[in-house]
Amino acid sequence: MNALEVLSEHVPELQESFNSAIVIGNSTFGLTQYTLWMIICWILTLVVVLVAGRKLTLIPTNKFINTVEYGYQFVRNDMGEGVIGHGFKKHVPFLATLFFFILISNFVGLIPGCKTPTGTISVTWALSLISFLYFVFWGVKAHGGLGYLKSLAPSGLPIVMVPIIWFLELISTVIRLLTLAVRLYGNMFAGHMVLGIFALAASVFLTVGIQSFDLVSGVLSVPWFLLLIFMYALETLVAFLQAYVFTTLSSVYISLATSAH
Amino acid sequence: MEIALVLSALKVVGYGLGAIGPGIGIGIACYGCCVGTARQPELQGRLFTNFILGAALAEALALIGFVLAFIM
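Line by line, the protein sequences give chains B and Z.
Sequence positions in the first sequence follow our numbering and run 1 to 261.
Sequence positions in the second sequence follow our numbering and run 262 to 333.
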């Protein structure tokens, strides 16, 4: 029995496990596993932040509060003050909510047996829609409805170029909605698929090696397992990086929308 | 069956071709960010934000390819 053939037989099963399936209720009123995990992550975010924020002191008393405060400070200084600049304080709660929710969702998915809510397009689509509406809202508030549309094209252009540049900028603004959603979804989904393939390969090669006394397959399962550990470490980095990128891009878009050109 | 297999293989090839440009672009952006940071470490925060923005713009092309591979 060839190990690679067995592996390719099992791959559709793996793909199937990434599809949305109903776990509670029925198709009219129920929860898919991603919605369930999204609610869990949502509760987890609330619990983490509220527990840490309950006993605020000037000097943090324990490591947990210190960690959460460090995360908040990271959002505030790096993404708020560093990117938006003047008037960043009113955007920090929104950015911190986005950052903590995405970070916790991404890390929950790394625990074996848990699903990452950001690994489905619906959740990331909703997140990017929230971010999009938020920066358009603040842009309209800063410039007025017509003024915001006008401010898409940078000022100081020759009059002939303005409609073309304005149209290109309009497209690039609307496409932010797509790219924000797909970037997060693509990274999380592809990462978990790769982890799944390597885990499957390690177990299939070992099983085939034992069942048919094939020494080569059995030995080959070790590099698969080492690759799995390496990819797992990489995914931990990606989970943090994607939360960071999503929040940074949101704040960049906010600063582009609100700043006067 | 054969045609479906060829079509799905072609989608993956198309996405691979679409990922070449953004890959080079993000590489150049990262190079510029590293060189700039090495010369003026105090500008690191500003440079890194610009790098993320530029990488996001370049990456948009690869992401559109990723979406097209799914929906076509």
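Cβ coordinates follow ideal geometry from the N, Cα and C atoms, glycine included.
Practice task
Return the residue from the list B:S255, B:G218 and B:F101 that minimises the CA-CA distance to F240 (chain B).
Solution key: B:F101
Problem - Simplified DSSP assignment, three categories, for G156 (chain B) - result: G156 (chain B): coil per DSSP, three-state reduction.
Exercise for the section: Determine whether the Cβ of A330 (chain Z) lies closer than 8 Å to any Cβ atom of chain B. Expected result: no
Exercise for the section: Just tell me which of B:Y134, B:T173, B:F132 and B:S128 has its CA closest to the CA of K150 (chain B). Expected result: B:T173
Problem - Every unbroken beta strand (DSSP E) within the region 6-70 of chain B, with a cutoff of 3 residues, ordered by chain - result: 22-25 and 30-32
Handout entry: Nonlocal neighbours in the same chain, by C-beta distance under 8 Å from L200 (chain B), ignoring five residues either side
Key = L7, H10, V11 and L14, listed in sequence order.
Handout entry: Under 9 Å from the C-beta of L249 (chain B): neighbouring residues of chain Z
Key = I313, L314 and A317
Practice task
Going by CA-CA distance only, name the one from B:Y34, B:L98 and B:G85 that's closest to V49 (chain B).
Solution key: B:L98
Handout entry: 6 Å Cβ shell around A265 (chain Z) - same chain, five flanking residues per side excluded
Key = Here the set comprises nothing.
Handout entry: N106 (chain B) (DSSP reduced to helix, strand or coil)
Key = For N106 (chain B), the three-state secondary structure derived from DSSP is helix.
Practice task
Compare the C-beta of R183 (chain B) with all C-beta atoms of chain Z and state if any pair is closer than 8 Å.
Solution key: yes
Practice task
Evaluate M161 (chain B) with the Cβ neighbour count: other Cβ atoms within 10 Å of its Cβ, from every protein chain shown; 16 or more gives buried, anything less gives exposed.
Solution key: exposed
Practice task
Measure the C-alpha to C-alpha separation of P158 (chain B) and I164 (chain B) and round it to an integer number of angstroms.
Solution key: 11 Å
Practice task
Quick one: give me the first and last residue of the alpha helix (DSSP H) that P163 (chain B) is part of.
Solution key: V162 to Q211
Exercise for the section: Identify the contact partners of V83 (chain B) in chain Z, using a Cβ-Cβ distance below 7 Å as the criterion. Expected result: T310
Exercise for the section: Report all residues from its chain with a CB closer than 7 Å to the CB of H192 (chain B); omit the five preceding and five following residues, and keep chain order. Expected result: G109, T116 and G119
Exercise for the section: Please work out which residues of its chain come closer than 7 Å, Cβ to Cβ, to I59 (chain B), disregarding the five sequence neighbours upstream and downstream, and give them in chain order. Expected result: none
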